[in-house]
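First to last, the sequence lines map onto chains U and D.
Just so we're aligned: 330 in numbering that gives the first Met the number 0 is position 331 of the first sequence, and the numbers increase by one with no gaps anywhere.
Just so we're aligned: 277 in numbering that gives the first Met the number 0 is position 278 of the second sequence, and the numbers increase by one with no gaps anywhere.
Beta carbons are placed, not taken as given, at the ideal position from N, Cα and C, and that holds for glycine.
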Amino acid sequence: MASSNAYAQRDPMLKKRDDFEDILEERRNSSDLRYALKCYTPALYKGVAPCKSSMLKSMVLQSDQLHYVIQQVSKETGRQTDNVQEEVSAILDEMAHSLQLSTVRFFAFTLSKIFKSLFKSIRVNEEGIQRLQQAIQDHPVVLLPSHRSYMDFLLMSYLLYTYDLTLPVIAAGMDFMGMKFVGEMFRMSGAFFIRRSFGGNKLYWAVFSEYVKTMLKNGFAPVEFFLEGTRSRTSKSLIPKLGLLNIVMDPFLKGEVFDVHVVPVSISYERILEETLYARELLGIPKPKESTSGLFKARKVLSEDYGSIHVYFGQPVSVRSLAEGRVNRCQFNLVPRHIPGRPDEDIHSFVNDSAYKLVRAQEDNMVLKPWVLLASLLLQKQAVGQEQGTALDELTAQAVWLRDLSRQYGAFLHWPDQMTPSEVVSSSLSLHRGLVRTCEGKVQLALEHEEKLLSQAVIVLSCASYRNQALHVFLRPALLASAIHAASSNQKQEVFNSFSFLRNMFSNEFILCPGATVQDFEEACYLLVKTGTLQVTQKEVLVNERGHRTLAFLVSMLDPFLQGYQVVCRFLCEEATETLTEKQFIPAIRKFIIKHLLAGRLRYAEVLSSDLQKNSLAAFLRLGAVEKIKGYQISNVSPCLGGKLPTQKAVVARL
Amino acid sequence: MYGCSNLMYCISEHAPHSSLQEIMKWNGWGYSDTKFLFNKKGQAEFTGKRYKLSGMIIPALKEWMEGTFGTNMQHKSLATPALTRTAVQPPTLNEAFVEELKSTGVPFSHDAEDRVFRAHGHCLHEIFALREGKVGRVPDLVVWPNCHNDVVKIVELACKHNVCLIPYGGGTSVSSALECPQEETRSIVSVDTSQMNRILWIDEKNLTAHMEAGIVGQDLERLLNESGYCTGHEPDSMEFSSLGGWVATRASGMKKNIYGNIEDLVIHVKMVTPQGVVEKSCQGPRMSTGPDIHHFIMGSEGTLGVVTEVTMKIRPMPEYQKYGSVVFPNFEQGVACLREVARQRCAPASIRLMDNEQFKFGHALKPQVSSMFTSFLEGLKKFYITKFKGFDPDCLCVATLLFEGNREKVLQHEKQVYDIAAKFGGLAAGEDNGQRGYMLTFVIAYLRDLGMDYYVIGESFETSVPWDRVLDICRNVKARIIRECKDKGVQFQPFSTCRVTQTYDAGACVYFYFAFNYRGLSDPVHMFEEVEHAAREEILANGGSLSHHHGVGKLRKAWMRETVSDVGMGMLKSVKDYVDPNNIFGNGNLL
């Protein structure tokens with residue numbers, strides 16, 4: 000299956016990436032005020048004049064689409080059209096942005112101050128900016144930044160302002176609106192607000208999609224939204240949400256624009272502002288509701304050092320080329336285009352595949368800091384119970400080994416080559432001193448024995464969130480390594496089956512493009528063969544003598560997840576004999592896991608992450624091991640569970 | 000009224016060389032005496048005496064060509080001057096067929112020039128090959144039937160001896176319809192209908208006329224005009240295309256708003272098929288007698304038989320004609336205006352909207368103005384539109400209009416249309432601009448030959464599309480052409496332009512032109528075809544039809560199935576299988 004030739008062309012080592020420039024450097028050397036008041040004249044899409052928000056609203060209100068839906072709603076409910084029209088108007092007022100340059104200038108000024116105190120540098124690939132600038136002039140543009148922090152969208156607008164690009168309009172969740180003053184400020188800096196859920200509300204959907212499409216089609220401004228839907232609390236990329244992507248692709252599919260260019264943007268933080276906040280949230284320590292006062296309380300973060308940020312503007316992706324040969328656009332010929340309709344199966348799968356491609360593009364250009372590798376190593380060591388920690392030079396040697404390995408796998412690693420490895424390691428450790436402890440030349444996670452389990456788990460989960468940044472680099476080889484580990488023989492088919500099972504099980508957890516099992520398997524084989532770990536023949540998969548170290552590392556990388564899924568599985572078999580409501584699930588499983596952790600039957604505190612628990616439940620649901628009754632009850636289908644998961648049992652047995 | 004003796008030929012054993020073949024180019028468009036060239040002073044000139052533009056200097060054309068295509072007067076790509084007879088394969092004759100044909104007295108020829116002349120239409124690849132002196136499969140024999148009965152005899156003989164027949168009218172096809180199928184092993188006989196060119200009768204009570212199908216458009220109009228009538232059917236190719244060809248391709252005329260398209264004009268058709276003659280028994284203006292058999296004939300593209308005689312509606316010649324034009328600030332406004340005109344069903348005989356590129360192109364074709372006064376007026380007009388009215392010269396576009404009918408009504412109609420135009424920001428821009436617009440229709444085809452002398456190749460193609468998609472299709476198809484050319488390594492951005500040429504209640508007909516400089520490309524024709532293919536894909540993806548009036552031929556055959564569905568294809572096939580089971584009419588078009 001795996002032919003090295005086919006992969007030689009896309010050897011991850013050969014990926015070409017742009018260089019970065021620090022934008023804070025100039026801010027430190029010149030006046031912020033002058034910068035905030037600078038002359039701002041972005042190049043526009045085909046010279047289209049920007050559109051006032053009031054004008055935009057009236058364009059949306061007068062569109063054929065809304066006209067049609069208003070008539071329809073009025074007919075269905077018996078309401079007067081005027082009345083429905085008013086509702087539409089109100090929805091639009093609640094939603095619409097009111098971008099004002101003055102507000103942007105205000106943010107430009109204050110953010111300059113804040114950024115300078117928080118971050119060492121904000122590094123941007125300027126070639127990406129140039130590509131974006133060209134794209135904005137030629138096509139409607141959609142910006143898709145990764146989402147790890149509240150900071151993301153402010154940072155994006157800040158960057159576009161800095162480089163004199165058209166300011167984006169940003170889809171934001173309604174929860175921001177809770178912060179009265181800040182919400183309005185965001186609105187004036189280009190955010191528009193969407194309700195979190197409006198599934199059945201036809202009118203809302205129509206207004207929302209028409210609003211986005213109108214902005215996009217006319218090329219008034221780049222539309223920005225988060226493909227992952229929400230901030231990832233674990234630093235793993237989240238399974239993409241398709242709603243908005245569907246909307247922005249629609250104008251192309253229906254021929255209303257020649258093309259739409261989608262630009263994935265990868266924002267990586269050396270230290271995430273919300274680090275422990277996320278860990279607490281995952282552990283079920285309730286998150287404070289977004290409020291202005293809360294934001295002020297959070298200002299103590301201002302006094303700490305958060306390292307640097309890397310922002311990589313990826314290659315613009317033409318929706319036209321994505322769709323070429325995949326979508327038959329003629330299917331829209333027979334119904335007037337302003338009549339809303341559910342996308343067909345093939346459109347849905349096209350959008351879904353594109354979404355995965357785009358998230359993978361984000362992952363690919365995510366800059367990894369050395370600390371990410373250290374966190375991976377330290378977590379593995381902690382799990383095998385090294386009480387006294389690892390000697391600094393040993394850790395350094397291992398980090399160098401891992402650096403080389405990850406580079407071979409194509410990681411976008413920012414390892415300062417001008418420093419000695421030990422300098423690199425110690426500066427990383429010092430930036431994250433809240434998470435690690437160095438004592439008598441030995442390094443380990445900052446877990447105090449007298450501390451409660453949950454407090455320890457906060458540290459572990461924080462650390463895991465850094466390791467997770469590198470997961471996408473190791474994921475496919477790790478799946479293969481685990482598959483080899485689990486398979487009962489060296490037969491290639493056997494290994495493939497095992498790989499395929501693991502991949503399928505984890506497809507709610509990681510970004511694994513649907514239907515790409517064979518490609519992923521080949522890619523994994525290619526990488527492991529290339530690095531001398533494996534030999535893959537026609538029939539067999541053989542581990543090289545010097546490959547054991549790599550394999551062990553890869554297996555350990557995936558082990559917490561495997562164990563986690565296994566625990567959830569055991570919980571469902573043992574404890575959840577009765578049906579269980581969805582609300583009860585998390586507290587119940589948490590109790591079960593704590594019990595196992597305290598008894599020493601489980602090594603990984605990170606299994607306490609509600610993210611993993613939810614993902615595993617979703618996976619079992621998808622695999623039919625568990626079923627949903629009446630929408631909110633979980634019923635355990637034991638025979639199925641027993642029958643469907645033999646391979647997993649085998650995995651456990653081999654571990 | 001029986002015929003016009005000056006155009007009749009005696010039946011002879013020799014080929015009755017049709018007048019057209021003698022005065023037309025063998026490897027380009029139109030009359031041999033008429034062409035564009037750059038004279039010794041380097042100015043463009045249009046030769047001959049046939050057109051209004053003939054004999055005139057066109058000062059701006061050179062600069063336009065250089066600016067649009069990056070052509071250089073030093074770099075020429077001239078055509079092979081004459082046909083090399085050795086390049087033509089010797090004919091494969093079916094001796095038995097030829098023997099029996101002789102006994103019928105129908106003239107025929109297997110002269111190389113006669114055969115090559117009937118082996119092509121006017122697709123770019125066909126003309127390009129001829130210019131390079133390359134000749135592919137050509138008909139083995141040309142026959143010139145003189146009347147319906149001659150055709151009956153020819154078809155009978157062809158069936159008897161299994162000979163492949165390809166009907167030939169005016170030779171203006173742009174769908175590869177006249178190309179001989181490569182795989183055809185039988186002797187191919189081109190049935191040239193040019194001698195069947197008589198008006199057989201005119202019925203003034205019912206306003207109909209009965210013609211032989213070989214009559215060419217301009218002759219038909221001229222002859223009817225002599226009696227005070229016209230058909231009003233004026234496709235752009237009417238100088239050369241024939242009545243039979245119009246029926247076989249479902250042609251459309253410029254003035255269809257008043258007179259209708261060919262399917263509206265035809266009252267009765269006689270077609271000779273391998274199964275015999277098909278025709279209706281009466282001339283009732285409308286019938287409910289199952290699916291209309293005329294619709295099997297119209298658009299059959301020579302795959303079922305030869306159309307020999309047609310009865311068509313005629314109208315008294317219009318009392319008054321008036322051209323006009325309107326300038327719009329942009330194409331969007333122009334389309335909106337045309338849509339409104341269609342909504343109010345007040346379209347003039349013809350209304351066409353050119354986009355900005357084509358407007359500029361039209362400007363480049365303005366002949367030298369002779370008087371200071373006209374040039375002063377021109378300047379004033381330009382000043383008024385661009386400076387006073389604030390129209391952007393890179394956005395504005397122009398609609399050309401033609402009104403016909405009773406003088407009073409024309410003036411009234413004119414006012415109505417200009418009032419609508421004003422609502423969309425349109426400014427009346429004079430009769431001259433309108434008239435020149437229509438004159439260019441006939442002249443523009445000659446321009447391609449000039450382009451080909453300077454490494455520029457181009458083509459036009461058309462579609463029909465619902466109103467709500469007109470703007471989208473225009474933008475997307477033009478952009479697709481530009482992108483495809485760029486991707487394929489064309490150095491200079493191609494000329495990619497469109498115009499809306501017909502309005503209907505539910506949509507419009509859109510015409511695209513594209514051309515580019517192929518200097519430095521190794522296989523320009525292949526590349527050209529790929530771009531054309533991509534453009535058609537784009538049209539279909541944007542809700543456009545496979546063709547509005549050019550037909551399918553072999554060029555667009557690949558899309559036929561998705562256009563009419565599997566069942567539709569089966570229906571058409573079963574008709575073909577019944578009418579022509581041995582594929583005597585084997586030109587391979589359509590299906």
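Are the beta-carbon atoms of residue i and residue j separated by less than 8 Å?
| i | j | result |
| --- | --- | --- |
| D/Asn256 | D/Ser349 | yes |
| D/Phe515 | D/Cys473 | no |
| D/Arg136 | D/Cys179 | yes |
| D/Lys591 | D/Ala86 | In the structure as shown, chain D starts at 0 and stops at 590, and residue 591 of chain D therefore has no counterpart that could be examined. |
| U/Glu126 | U/Leu202 | no |
| D/His548 | D/Ser241 | no |
| U/Ala382 | U/Tyr603 | yes |
| D/Ile56 | D/Gln367 | yes |
| U/Val671 | U/Ser188 | What is shown of chain U runs 0 to 654, which leaves residue 671 of chain U out entirely. |
My output table needs one value for residue i: the three-state DSSP class, helix, strand or coil.
| i | result |
| --- | --- |
| D/Pro465 | strand |
| U/Val326 | coil |
| U/Tyr157 | helix |
| U/Pro369 | helix |
| D/Asn582 | coil |
| U/Ile483 | helix |
| U/Lys112 | helix |
| D/Glu531 | helix |
| D/Gly457 | strand |
| U/Val259 | coil |
| D/Met676 | Outside the modelled stretch of chain D, which goes from 0 to 590, sits residue 676 of chain D, for which no answer is possible. |
| D/His525 | helix |
| U/Glu223 | strand |
| D/Phe107 | strand |
| D/Arg498 | strand |
| D/Gly2 | Residue confidence is low: D/Gly2 scores 36 on pLDDT, short of 50, so the model does not pin down where it sits. No coordinate-derived value is stated. |
| D/Gln282 | coil |
| D/Glu403 | strand |
| D/His267 | strand |
| U/Pro144 | strand |
| D/Val575 | The sequence given here places Lys at residue 575 of chain D; Val does not occur at that position. Reduced to three states, the DSSP call for D/Lys575 is helix. |
| D/Gly506 | strand |
Could you pull the start and end residues of the beta strand (DSSP E) that residue i belongs to?
| i | result |
| --- | --- |
| D/Glu308 | Val305 to Lys312 |
| U/Ala469 | No beta strand (DSSP E) contains U/Ala469, which DSSP labels as neither H nor E. |
May I ask which residues mark the beginning and end of the alpha helix (DSSP H) holding residue i?
| i | result |
| --- | --- |
| U/Leu243 | Gly242 to Leu252 |
| D/Asn432 | Glu430 to Asp452 |
| U/Gly563 | His547 to Glu573 |
| U/Leu607 | Run containing U/Leu607: none; DSSP gives neither H nor E here. |
| U/Thr80 | Thr80 to Met94 |
In the DSSP assignment, what residue or residues form a beta bridge with residue i?
| i | result |
| --- | --- |
| U/Gln490 | U/Glu539 |
| D/Trp200 | D/His209 |
| U/Asn21 | Before going on, a small fix: residue 21 of chain U reads as Asp here, not Asn. Looking at the DSSP assignment, U/Asp21 forms a beta bridge with U/Arg122. |
| U/Ala170 | U/Phe191 |
| D/Arg351 | D/Thr399 |
| U/Arg436 | U/Gln443 |
| D/Tyr512 | D/Ser459 and D/Thr496 |
| request: Go through the segment 117-158 of chain D residue by residue and report every complete run of the alpha helix (DSSP H) that reaches 4 residues or more, in order. | output: The segment 117-158 of chain D contains these whole alpha helix (DSSP H) runs: 123-130.
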